[in-house]
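Just so we're on the same page, this note's numbering is the position in the sequence shown counted from 1, plus 4.
The structure appears right after this line, and notes come after that.
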Amino acid sequence: MSVVAVSRPPRSPVAEELRRELVAILGAEGVLTGETELRAYDCDAYAPEKRYPDAVVLPTDTAQVAEIVKLCCRLKVPFTPRGAGTGLSGGATAIMGGVIIATTRLNKIIETDVPNRRMIAQAGTVNVYLTKAVKADGLHYAPDPSSQGACTVGGNVAENAGGPHTLKYGVTTNHITGLTMVLPDGEIVHLGGKAEDSPGYDLVGLVVGSEGTMGIVTEVTLRLTPLPQSVRTLLAIFETVDQATQTVSDIIAEGVLPAALEMVDTFIIKACEEAFHLGFPLDAEAVLIIELDGLEVGLDGEANRAKAIAERNGAREVRQASTDLERALLWKARKQAFGALGRLGLAMVTHDGVIPRTKLPEVLREVRAIAQRHGLEVGNVFHAGDGNLHPNLMFDERDPEQVKNVMSAGHEILKLCVDVGGSITGEHGIGVEKIDAMPWLFSEMDMDLMERIKLVFNKSELCNPGKIFPSAKRCWESDHGPHIAERAGRGAAV
């Protein structure tokens with residue numbers, strides 16, 4: 005078994021000048037260049053692609069970010085924005101080296117405007133803290149990625165993150181009304197604001213989901229949503245995955261719109277039981293978490309309809325949380341599933357394909373078959389209500405064959421999603437992971453147009469280079485060498 009080494013190139017005179025000037029801007033405590041410090045930034049949560057940056061910087065305000073970007077432009081050094089590093093497509097990995105601009109110290113809530121239901125927060129503010137700040141006022145920030153206890157709102161903007169409750173409430177772009185950002189030449193711009201809409205082109209909508217390739221977002225103006233008056237949370241337990249997925253389609257088809265409709269399969273159930281002892285049945289093939297919210301009047305009726313649909317499809321039991329604690333325990337299996345999988349001692353690639361809900365049974369069967377063909381274990385925990393799959397492929401990253409297999413299996417799963425009328429990403433982005441899959445959805449003309457739009461903002465292509473487009477991959481491969489799956493087989497250094 006060979007181990008893929010991650011090494012950093014020798015320091016150049018430019019790197020030394022870069023370090024000195026970064027220290028002048030931020031002070032020594034705001035610049036990381038040590039070997040052990042940089043190791044923590046060699047990838048985000050997408051582990052198969054790794055590279056050390058030359059430096060990591062920790063600014064505390066927009067002006068410092070602008071000075072860092074201007075310095076990088078002058079020295080022609082690439083720079084990559086990074087939030088908490090929870091991204092799952094390699095979007096925050098400095099694939100061409102250079103500087104990682106980490107926003108974790110940009111973590112202040114600047115203004116809470118309760119009457120107008122708006123908040124202005126720095127980009128490094130952790131998602132769940134946004135809701136905690138206004139919960140007493142009866143408000144919350146609706147997008148709730150499963151990593152919301154760690155991920156930051158700037159990263160959510162970059163990837164247009166979703167979450168379990170976006171079935172009803174929408175994804176990040178539906179809740180952002182304004183941005184402050186540093187363009188790739190160092191200019192500070194303000195897009196949108198507190199108003200519901202701004203005249204002219206929707207530049208806020210263009211930046212949300214652009215994966216940090218158009219600039220570095222430093223402040224976000226976001227919409228606050230009233231907390232629902234009441235909530236009903238159900239757990240439906242099924243003998244087969246087909247029964248669970250058919251229930252998903254039937255609930256939506258019959259006009260019931262849950263706030264969340266999440267599925268957890270048997271592999272994840274067992275991992276969560278070993279970790280948290282939640283009382284889930286180990287012999288169930290799948291469970292659905294069905295959450296309905298809104299006005300108290302009529303909510304019991306909606307919950308009863310959802311329960312009846314589940315029972316009609318063969319649910320052997322439907323539990324309803326009767327207290328806030330019971331509800332929290334039901335959600336723990338969903339929100340902390342990835343942590344439970346981490347206890348298995350293996351690396352993991354979490355995919356993000358989207359399919360029509362009616363295709364769930366056949367696609368999940370084929371996902372399992374693909375994993376078996378490649379000798380891999382797979383667990384599914386995902387946003388079933390909007391068809392956003394998250395197959396988790398488990399592998400040993402020290403084994404070159406397993407690295408190759410996990411990459412091949414992932415591509416087969418994404419191609420399957422496209423073939424049934426879906427997409428290659430719902431909320432994780434393209435990053436470096438899915439570059440090869442872009443031509444399955446877009447023509448050369450489509451991608452050329454998108455790249456031309458990016459170049460309006462990012463003429464130098466120093467801002468988060470090597471992401472999204474096949475042409476970007478060709479660029480970093482010429483500098484970075486072959487794909488990691490090929491390098492692993494030779495035991496080469498990255």
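Backbone N, C-alpha and C fix where the C-beta goes; we use that ideal spot for every residue, glycine too.
Within 8 Å, strictly: CB atoms of residue i and residue j
i: residue 155; j: residue 101; result: no
i: residue 196; j: residue 225; result: yes
i: residue 252; j: residue 269; result: no
i: residue 398; j: residue 442; result: no
i: residue 180; j: residue 186; result: no
i: residue 84; j: residue 105; result: yes
i: residue 243; j: residue 318; result: yes
i: residue 291; j: residue 241; result: yes
i: residue 238; j: residue 307; result: yes
i: residue 82; j: residue 395; result: no
i: residue 356; j: residue 429; result: yes
i: residue 410; j: residue 341; result: no
i: residue 55; j: residue 98; result: yes
i: residue 4; j: residue 265; result: Residue 4 is absent from the model: the chain starts at 5 and stops at 498.
i: residue 390; j: residue 171; result: yes
i: residue 234; j: residue 315; result: no
i: residue 388; j: residue 420; result: no
i: residue 168; j: residue 320; result: no
For residue j and residue i, the rounded distance between their alpha carbons
i: residue 401; j: residue 407; result: 6 Å
i: residue 362; j: residue 138; result: 38 Å
i: residue 67; j: residue 22; result: 18 Å
i: residue 188; j: residue 456; result: 15 Å
i: residue 6; j: residue 403; result: Residue placement at residue 6 cannot be trusted, given a pLDDT of 35 that sits under 50; the coordinates are not used to answer.
i: residue 438; j: residue 64; result: 32 Å
i: residue 460; j: residue 261; result: 40 Å
i: residue 285; j: residue 293; result: 14 Å
i: residue 129; j: residue 108; result: 7 Å
i: residue 71; j: residue 256; result: 50 Å
i: residue 45; j: residue 277; result: 31 Å
i: residue 370; j: residue 200; result: 43 Å
i: residue 121; j: residue 145; result: 10 Å
i: residue 208; j: residue 194; result: 9 Å
i: residue 158; j: residue 374; result: 35 Å
i: residue 330; j: residue 336; result: 10 Å
i: residue 3; j: residue 184; result: Nothing in the structure corresponds to residue 3, since the chain is present only between 5 and 498.
i: residue 206; j: residue 280; result: 45 Å
Helix, strand or coil at residue i [DSSP, three-state]
i: residue 76; result: helix
i: residue 381; result: strand
i: residue 310; result: helix
i: residue 126; result: strand
i: residue 121; result: coil
i: residue 276; result: helix
i: residue 387; result: strand
i: residue 250; result: helix
i: residue 97; result: coil
i: residue 4; result: Residue coverage of the chain in this structure runs from 5 to 498, which leaves residue 4 outside it and unanswerable.
i: residue 55; result: coil
i: residue 496; result: Reliability of the predicted coordinates at residue 496 is poor, the pLDDT of 29 falling under 50, and the value obtained from them is presented with this limitation in mind. Coil at residue 496, not helix or strand.
i: residue 402; result: coil
i: residue 137; result: helix
i: residue 342; result: helix
i: residue 88; result: coil
i: residue 144; result: strand
i: residue 292; result: strand
Closest Cα partner of residue i within the set the options
i: residue 135; options: 29, 231, 264, 364; result: 231
i: residue 326; options: 255, 236, 299; result: 236
i: residue 29; options: 45, 48, 69; result: 69
i: residue 297; options: 274, 460, 310, 286; result: 310
i: residue 142; options: 119, 158, 125, 153; result: 119
i: residue 431; options: 124, 213, 229, 295; result: 213
i: residue 111; options: 200, 97, 126; result: 126
i: residue 458; options: 445, 304, 473, 130; result: 473
i: residue 467; options: 50, 220, 256; result: 220
i: residue 151; options: 344, 184, 462, 424; result: 344
i: residue 131; options: 123, 153, 227; result: 153
i: residue 367; options: 149, 62, 249, 123; result: 249
i: residue 379; options: 364, 413, 348, 365; result: 413
i: residue 295; options: 267, 450, 117; result: 267
Residues near residue i by beta carbon distance below 7 Å, same chain, minus five either side
i: residue 37; result: 23, 59
i: residue 95; result: 48, 162, 163, 215, 216, 433, 435, 471
i: residue 176; result: 147, 160, 161, 164, 165, 212
Residue i CB to nearest heavy atom of the ligand MG below 7 Å
i: residue 313; result: You won't find the ligand MG in this model; it holds no ligand whatsoever.
Cut-off 8 Å between Cβ atoms - residues of its own chain near residue i, not counting five sequence neighbours on either side
i: residue 20; result: none
i: residue 372; result: 382
Same chain, Cβ closer than 6 Å to residue i, neighbours up to 5 away in sequence not counted
i: residue 489; result: Its pLDDT being 40, under 50, residue 489 is placed unreliably in this model, and the coordinates cannot settle the point.
i: residue 493; result: Bear in mind that a pLDDT of 37 at residue 493, under 50, signals an unreliable position, so the number given afterwards is only what the model happens to contain. Closer than 6 Å at the Cβ level, and outside the excluded window around residue 493, lie 404.
i: residue 275; result: 344, 345
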